[in-house]
Amino acid sequence: MSLVNSLSQGVITTTADQFLNWTRKSSVWWMLFGLACCAIELMQTQGPRADVDRFGAAPRSSPRQSDLMVVAGTLTLKMALRTKVLYNQMPEPRYVIAMGACASCGGLFQLAYSVCDGVDKVIPVDVYVPGCPPRPEALTEGILKLQEKMMTETWLVRRPEIGAQA
Amino acid sequence: MSVAGFEVEVDRGAGLETEEMTLNMGPQHPSTHGVLRFVVKADGEVMRRAVPDVGYLHRSIEKISEKVSYHGFMPYTDRVDYVAAMFCNQGWGMATEKLADIEVPKRGEYCRVIAAELNRISSHLLAVGTMVLDIGAITPFFHAFRERETINDLLEELCGARLTYNYMRIGGVAWDLPPGYEEKVLGFLDRLQPMLDEHYDLVTENALFRARAASVATISAEDAAGYNLVGPNLRASGIRYDVRRDEPYSVYPELEFDVPVGTGMAGEVGDSFDRYWVRLLEITESVKILRQCFRQIPEGPVIVKVPRKLKPPAGDAQVRVESARGDMSWYVVSDGSEFPYRCKVRTGSFSAMSIIEEISPGLMIADLVTVIASLDVVAPEVDR
Amino acid sequence: MDADEIYRRLKDEFGEKVVSIEASAKDPFAVVEGDAIVELCTYLRDGDDIRCNVLTNQSGVDYKSEGYIEVVYHLYSYAYRHYAILKVRTPRDEAVVPTVETVWKAANWLEREIYDLLGVCFTGHSDLRRIMLPEDWVGHPLRKDFVEPTEYHGISTTRESLLR
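Protein chains in written order, with the working numbering: chain D, 506 to 671; chain B, 1058 to 1441; chain L, 282 to 445.
Here you go:
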């Protein structure tokens, strides 16, 4: 928070936007959407060593209770239709991280007939994390980049949705 | 009706209409075994039938094998079963070597076995940790993942990757063991035993875990063989069969280890508890194998020179590898060119998924989660 | 028992239905008539000293230039630790093979996969429908003349540019 004036009595002054963004970024609850190999690294990121819980990020099973959807793994065409449904079920403000090469662009499965080359063909993506699979440290950096992006939001102006028509 | 040892009175009278519900345990769910879907027809809490719907992770790996060369297909084999990727590498390597009559040097074979057994420990830890997590206990999951982190570090030192290793090559392995590796691995194995003891006290002796897993979804030996269950699932049902001992390959004839079988320790032979218990015992066996490997490993090259454009003679070959999830069968057809003509993988989880529809009638919905977890199903093996 | 011995017993028992035995291949196999596959498999499963009670693998291979699809059965016996390999050839444009689901239950899903990816119809199968691909998919991908569709439900199947 950049506008911090702390007086001797322990009072902080800020703007409403900054305050809301600070609360939102400090408790990013992500949906368990592990599809393939990156899901194991997602579980390791949640695990004891590269712990994202210290940033306030906790896993939720249901899209209705989560802010962030980490698409971890290859998206097949059969799954892409369901991914759209799940994304629409998430309440706003909602964010998407495309974790790994397969979710970003199809990865090494671009030669496949049944793979959707990148999750951004069906839902808008905020952060792309490269790797196959990305290390837990890389995913943590992705979440931190997302937090930086969240700090730039303005709550009076709605974020334009790209391709969000069902 | 008996539920976990208690008698439950179900009052079906009093003019109540009960209908069968069709529920969807969708491709996205908190169970950690990947994108599997079940259409469950349930009468209240008790299931009539659970029909699996798979294919949400069908990445057409078998078709890709026809487009890339034999060497180039090795990274794709990691993704067939990413939790136990070394075995898939080994299977593909062995199938191509059988087709092309290539012999791997002794040290290369030992390196393969060391990497594979470390991966087996890591895979079983994940299986056991996620089984307990799915049942509801969260702490043992973190203990298992803490040990997995150390194994990931060891394998990263060996081949540079934490999950999809691509360590083995056709004709051997890519790199030799780094200096000081033996001390690190043996030190880790010494530290593993107290963790397994702690796990025993925390989980195996736990009355809640036993109530959830014992006598749930018992699979008889005839069913296990008929549905082609393999690996720990087969051994838990009483059939003492292990590809490493009965159709030995690589350097396994020179290694001594036992093959644990389910004994009905907590309930019946072949129930979910037995499948969990056999995996824990197999971790101890892998530790034994690793110690022997480091004592017996000879000096020498780790890979033999193989032409860059490998063109095996036309024909087909089948190779079976004892992966962490059971006997993985690789069937490769070659037409004499540098691209494989057809590659078929039959994995352990494929057969395990097919038996779920058969054993589901009469189980409760919560037991379905236990069954999937105890059969150690991972989605990429089912769909490839 | 040696695989050659098993094939010889098969030939003695079934005569013309065993079309040929290839003993010099890396994995010796026997090519058999598709119509007789069920009785052959029942014999191999129940015969004394053979007892192949496991179907470890069943795969389909598309030989486009020869004009047939080959279904390969890998059988194994836990009791005697021996294996047998049977191959059935069926013409590409009308690929029909009787199911062996009644002999080994493992064939259920294995045959569904061959139907889905190669288009081989298994007569007598209890539940022959697609397993890996979506229900409304057109075509059988593992065939050599499969053309990949350009889009599926509005999602294009190629990546136009990495910097989308």
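Note that beta-carbon positions come from the ideal geometry of N, C-alpha and C, so glycine has one too.
These numbers come from a predicted model, not from an experiment.
I need the straight-line Cα distance from residue i to residue j, nearest angstrom please.
{"i": "P1397(B)", "j": "G1193(B)", "result": "45 Å"}
{"i": "Y1127(B)", "j": "A360(L)", "result": "35 Å"}
{"i": "E1339(B)", "j": "V1316(B)", "result": "8 Å"}
{"i": "D1373(B)", "j": "I302(L)", "result": "15 Å"}
{"i": "P1418(B)", "j": "R1164(B)", "result": "50 Å"}
{"i": "I287(L)", "j": "N1285(B)", "result": "21 Å"}
{"i": "N1146(B)", "j": "V1140(B)", "result": "12 Å"}
{"i": "C1168(B)", "j": "D1247(B)", "result": "20 Å"}
{"i": "L1432(B)", "j": "A521(D)", "result": "52 Å"}
{"i": "K368(L)", "j": "S340(L)", "result": "10 Å"}
{"i": "H434(L)", "j": "P1251(B)", "result": "54 Å"}
{"i": "D1191(B)", "j": "V1260(B)", "result": "13 Å"}
{"i": "E1166(B)", "j": "C1350(B)", "result": "10 Å"}
{"i": "Q523(D)", "j": "E1213(B)", "result": "41 Å"}
{"i": "A1201(B)", "j": "S1272(B)", "result": "25 Å"}
{"i": "G420(L)", "j": "T438(L)", "result": "15 Å"}
{"i": "M536(D)", "j": "G1112(B)", "result": "21 Å"}
{"i": "D1331(B)", "j": "M1385(B)", "result": "21 Å"}
{"i": "M1104(B)", "j": "P1084(B)", "result": "19 Å"}
{"i": "D426(L)", "j": "G348(L)", "result": "12 Å"}
{"i": "A1278(B)", "j": "V1361(B)", "result": "42 Å"}
{"i": "M1421(B)", "j": "I1413(B)", "result": "13 Å"}
{"i": "G1229(B)", "j": "M1151(B)", "result": "9 Å"}
{"i": "V353(L)", "j": "V342(L)", "result": "8 Å"}
{"i": "R445(L)", "j": "R559(D)", "result": "Bear in mind that the predicted position of R445(L) carries a pLDDT of just 49, short of 50, making it too unreliable to give a figure here."}
{"i": "K488(D)", "j": "L1347(B)", "result": "Residue 488(D) cannot be examined here, being either before or after the span of chain D that is shown, 506 to 671."}
Mapping the DSSP letters down to three states, classify residue i as helix, strand or coil.
{"i": "W241(L)", "result": "A question about residue 241(L) goes unanswered here, because the residues of chain L that appear run from 282 up to 445."}
{"i": "S571(D)", "result": "coil"}
{"i": "G1383(B)", "result": "strand"}
{"i": "G1372(B)", "result": "strand"}
{"i": "M1225(B)", "result": "strand"}
{"i": "V601(D)", "result": "strand"}
{"i": "R1377(B)", "result": "strand"}
{"i": "I1346(B)", "result": "helix"}
{"i": "V624(D)", "result": "helix"}
{"i": "V1445(B)", "result": "In this structure chain B extends from 1058 to 1441, so residue 1445(B) is not present and cannot be described."}
{"i": "Y1360(B)", "result": "The sequence given here has Ile at residue 1360(B), not Tyr. It is a strand residue."}
{"i": "M1421(B)", "result": "strand"}
{"i": "M656(D)", "result": "helix"}
{"i": "D1299(B)", "result": "coil"}
Got a sec: is the Cβ-Cβ distance from residue i to anything in chain A below 8 Å?
{"i": "P372(L)", "result": "In summary, chain A is missing from the structure at hand, where the protein chains are D, B and L."}
Spell out the partners DSSP gives residue i in its beta bridges.
{"i": "M536(D)", "result": "R565(D), M574(D)"}
{"i": "L1080(B)", "result": "V1097(B)"}
{"i": "D1110(B)", "result": "R1094(B)"}
{"i": "R1399(B)", "result": "V1390(B)"}
{"i": "V634(D)", "result": "M604(D)"}
{"i": "F310(L)", "result": "E303(L)"}
{"i": "I436(L)", "result": "Y433(L)"}
{"i": "T404(L)", "result": "P379(L)"}
{"i": "T581(D)", "result": "V620(D)"}
Just mark residue i as buried or exposed, buried being the case when its beta carbon has 16 or more other beta carbons within 10 Å.
{"i": "N334(L)", "result": "buried"}
{"i": "L1425(B)", "result": "buried"}
{"i": "V384(L)", "result": "buried"}
{"i": "D329(L)", "result": "exposed"}
{"i": "T659(D)", "result": "exposed"}
{"i": "M1078(B)", "result": "exposed"}
{"i": "G1101(B)", "result": "exposed"}
{"i": "S531(D)", "result": "exposed"}
{"i": "A541(D)", "result": "buried"}
{"i": "Q1375(B)", "result": "buried"}
{"i": "Q670(D)", "result": "Residue placement at Q670(D) is poorly supported in this model, since its pLDDT is 46, which falls under 50; the coordinates are not used for a value here."}
{"i": "V428(L)", "result": "exposed"}
{"i": "P1236(B)", "result": "exposed"}
{"i": "D572(D)", "result": "buried"}
{"i": "L1265(B)", "result": "exposed"}
{"i": "R362(L)", "result": "exposed"}
{"i": "I628(D)", "result": "buried"}
{"i": "S638(D)", "result": "This sequence places Pro at residue 638(D); Ser is not what is there. So P638(D) counts as buried."}
{"i": "R1382(B)", "result": "buried"}
Give a single yes or no on whether residue i has its beta carbon closer than 7 Å to a heavy atom of the ligand PLP.
{"i": "G1295(B)", "result": "Looking for the ligand PLP in the displayed structure turns up nothing, as the structure carries no ligands at all."}
Hey, which unbroken runs of the beta strand (DSSP E) at 3 residues or more fall wholly within the region 326-402 of chain L? Within the region 326-402 of chain L, the complete beta strand (DSSP E) segments of 3 residues or longer fall at 335-344, 349-357, 364-372, 377-379, listed in chain order.
Residue ranges of each beta strand (DSSP E) within the region 1099-1162 of chain B, 3 or longer: 1103-1110
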